[in-house]
Amino acid sequence: AQSVTQLGSHVSVSEGALVLLRCNYSSSVPPYLFWYVQYPNQGLQLLLKYTSAATLVKGINGFEAEFKKSETSFHLTKPSAHMSDAAEYFCAVKEGGYNKLIFGAGTRLAVHP
Amino acid sequence: EAGVAQSPRYKIIEKRQSVAFWCNPISGHATLYWYQQILGQGPKLLIQFQNNGVVDDSQLPKDRFSAERLKGVDSTLKIQPAKLEDSAVYLCASSLEGLSSNTGELFFGEGSRLTVL
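Written as structure tokens, this is what we have:
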């Protein structure tokens, strides 16, 4: 079965600093990988997805992620953090033939002035 | 376009009581999901419907949880009797695609927060 591991349940950065959220996956087949963002008291929103096309994927709000098969990683980055980026971020992998997503435990991003 | 609607947003009950959550997916979305999100954890799939049929309910505690999507549109998730460990946010999501799609884009509602005392 596929799974994802998110390293670091909490990440804190200064406004304007680089954001790096780590995700490693386990999959026996070429994976479909996703990052979702959850703002307080809201549902999850798709940030970006990798579906075996380009290994560098650009998403909304300036975020991007790079698929590295050799490292089984799909880390999320943003060059310059903004206060509005404070949220919880979930990495997910698609399992099976249906749209079933397996989520990681999440990383809460705090951005301070 | 209207998003995924869920109600109630908050519910507090005592253990052994019952509760029901309702979800109305985005119009035209064939697939509907119920996820359980316990504090500090990622969402866990409870049940997945394709139209009005169940695709996956392998992690649904069937002795106390039930869900239905009778007309292939809205859905109800019921817990009876509730336990303390059922305290969580119950997220409903929907997706447009059917069995052959691989995009994996789910649209989530705001969730129903359950507290069991």
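Residue numbers (this note's numbering), protein chains in the order written: chain A, 1 to 113; chain B, 1001 to 1117. Even glycine gets a Cβ: it sits at the ideal position worked out from N, Cα and C.
With 8 Å as the threshold, decide whether the Cβ of Q2 (chain A) is near any Cβ in chain B. Position 2 of the first sequence holds residue 2 (chain A). So, not an interface residue.
Considering Cα atoms alone, identify which of A:P79, A:R22, A:P40 is closest to G8 (chain A). Numbered from 1 along the first sequence, position 8 holds the residue referred to as residue 8 (chain A). When each option's Cα is compared against that of G8 (chain A), the closest is A:R22.
Does the segment 1015-1034 of chain B come within contact of the segment 68-75 of chain A, defined as at least 3 CB pairs closer than 8 Å? no
Taking the C-alpha atoms as reference points, what is the distance between Q6 (chain A) and L1039 (chain B)? The residue labelled residue 6 (chain A) in the question sits at position 6 within the first sequence. The residue labelled residue 1039 (chain B) in the question sits at position 39 within the second sequence. Cα-Cα distance, rounded: 16 Å.
Kindly indicate which three-state DSSP category K69 (chain A) falls into: helix, strand or coil? If you number the first sequence from 1, residue 69 (chain A) lands on position 69. Here K69 (chain A) sits in helix by DSSP.
DSSP three-state call for L1084 (chain B): helix, strand or coil? Here residue 1084 (chain B) refers to the residue found at position 84 of the second sequence. Residue state, collapsed to three classes: helix.
Residue burial classification, V29 (chain A) (beta-carbon count within 10 angstroms, cutoff 16): Residue numbering aside, residue 29 (chain A) sits at position 29 when the first sequence is read from its first letter. So V29 (chain A) ends up on the exposed side.
Taking the Cβ atom as the reference point for each residue, do K1078 (chain B) and S1066 (chain B) lie within a distance shorter than 8 Å? As a first step, residue 1078 (chain B) is located in the second sequence; it is residue number 78 there, counting from the start. As a first step, residue 1066 (chain B) is located in the second sequence; it is residue number 66 there, counting from the start. Yes. Within cutoff.
For a cutoff of 8 Å on Cβ pairs, would you count S1075 (chain B) as touching chain A? Locating residue 1075 (chain B) in the second sequence gives position 75, where the first residue counts as 1. With 8 Å as the cut-off, S1075 (chain B) does not count as an interface residue toward chain A.
Using beta carbons (cut-off 8 Å, strictly below), is V1054 (chain B) in contact with chain A? Taking the first residue of the second sequence as 1, we reach residue 1054 (chain B) at position 54. Closer than 8 Å: no.
Pick helix, strand or coil for G96 (chain A), following the three-state DSSP scheme. Counting from 1 along the first sequence, the entry for residue 96 (chain A) is found at position 96. Looking at G96 (chain A) - three-state DSSP - the assignment turns out to be coil, as it is neither helix nor strand.
Taking S84 (chain A) as the reference, give the member of A:V111, A:N24, A:N41 with the closest Cα. Here residue 84 (chain A) corresponds to residue number 84 of the first sequence, with the count starting at 1. Ranking A:V111, A:N24, A:N41 by Cα distance to S84 (chain A) puts A:V111 first.
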